[in-house]
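Residue numbers (the UniProt record's numbering): 1 to 375. Just so you know, even glycine gets a beta-carbon here, dropped at the ideal spot from N, CA and C.
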């Protein structure tokens, strides 16, 4: 058996020089592309230095893990000023003072791009080939694609429908468009990661009854699998989380409520939050849920929601819990979520702290691998 390997979820803090160019609409495109290339080369090297086995480009060329898709799909229209209902509205209502400060200073503070509501007003087509090719070429220039992954948004993360007759038709149209991106990532030799915090939102949103949650959950998964058609599951990671970072998070849906849907996605690797205090106990779920033979767990063993650096022994303990339940060959060390889901001057976790977390994760993975006799 091989040792337990390390990875993370994708987004990482961008260098200030790149942020300045991303924030400037008048910036020279050639200068922006050169800065992105340099940032990707730098971030891959630093990931390696801090013990990450399966790396990525840190989403250096994207303004946000989901907002980037507005530039890559035709048929979408921005609606500045339109009302947006966040899935964590219940949290905001329960803790209004906290979230007023939080959104100003942390989650939305310092971002270089404006997050605006997006509406589908025409037939969806993929038009992001050039931008995607730049992303893939930048990463392939500095790492063997077999040792790297590339994140892409799930179909349910693309705006609101005003064009298609039904929601189902809309999500499948998004899936058809995103299939182009998914396929290109895999054809370039990388592992695809589908980012889907939207699945858990269904179960946290108080406006749906149980039947509607079940219907939407199945529809979301069917749309993801439609986008993945023809792509080998062993080349796919599926990441789900809770759309929010630091906060009370008392309305997070239990993993048990969504695990059947998560496991129904045609992806070998299952990435989920398991390090923060709202979800760490959920490793017990695998005492009763049988992990399919073709699946690998990528639990978060470091959290993106705190500037405390986890101790390597705690990380080893977290990994050992999963390894003893499903087997060490079916566990990979990961993070709860990305460390800079939006391009921002003020990431919630200080970059130096983040790298210390990665060091601790690498050491924890080494400790548990030795403890379990895998290398």
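Is residue i helix, strand or coil when you go by DSSP?
i	result
residue 115	coil
residue 16	helix
residue 126	strand
residue 291	coil
residue 229	coil
residue 280	helix
residue 266	coil
residue 390	The shown model of the chain, from 1 to 375, leaves out residue 390, and the question about it has no answer.
residue 251	coil
residue 305	coil
residue 179	helix
residue 315	helix
residue 200	helix
residue 24	coil
residue 171	helix
residue 245	coil
residue 374	coil
residue 33	helix
residue 208	coil
residue 166	coil
residue 347	coil
Take residue i as the anchor and find which of the options has the nearest alpha-carbon.
i	options	result
residue 166	34, 330, 133, 219	219
residue 352	14, 77, 10	14
residue 257	228, 332, 297, 213	213
residue 61	33, 368, 338, 271	33
residue 340	304, 277, 368	304
residue 319	293, 202, 273	273
residue 375	350, 328, 354, 358	328
residue 138	118, 37, 23, 6	37
residue 158	148, 171, 149	171
residue 8	371, 366, 190, 301	301
residue 260	123, 288, 364	288
residue 308	322, 295, 275, 299	275
residue 133	338, 189, 269, 64	189
residue 146	114, 80, 156, 236	236
residue 222	68, 267, 247, 208	267
residue 217	314, 49, 47, 200	200
Any idea which residues DSSP pairs residue i with across the strands?
i	result
residue 195	153, 239
residue 272	299
residue 92	In DSSP, residue 92 forms no bridge with anything.
residue 76	120
residue 333	6
residue 160	119
residue 64	342
residue 148	55
Can you tell me whether residue i is buried or exposed, with buried defined as 16 or more other CB within 10 angstroms of its CB?
i	result
residue 93	exposed
residue 103	exposed
residue 125	exposed
residue 55	buried
residue 281	exposed
residue 184	buried
residue 277	exposed
residue 342	buried
residue 148	buried
residue 284	exposed
residue 100	exposed
residue 349	buried
residue 347	buried
Can you name, in chain order, every residue of its own chain whose Cβ lies under 6 angstroms from the Cβ of residue i, other than the five neighbours on each side?
i	result
residue 344	110, 111
residue 151	10, 193, 195
residue 136	188
residue 279	273
Going by beta carbon distance, what residues of the same chain come within less than 8 angstroms of residue i, once the five residues before and after it are set aside?
i	result
residue 326	286, 291, 297
residue 204	87, 88, 90, 242, 251, 252, 253
residue 5	53, 54, 332, 333, 365
residue 313	364, 367
residue 95	247, 248
Among residues of its own chain, excluding the 5 on either side of residue i, which ones have a beta-carbon nearer than 7 angstroms to its beta-carbon?
i	result
residue 35	17, 18, 21
residue 43	12, 57, 58, 60
residue 71	128, 131
residue 154	194, 195, 196, 198, 224
residue 385	Nothing can be reported for residue 385: it is not among the residues displayed for the chain, which extend from 1 to 375.
residue 173	124, 164
residue 122	75, 163
residue 234	268
Kindly examine the ligand HEM and report whether one of its heavy atoms sits closer than 8 angstroms to the Cβ of residue i.
i	result
residue 23	Only the bare structure without any ligand can be found here, which leaves the ligand HEM out of the picture.
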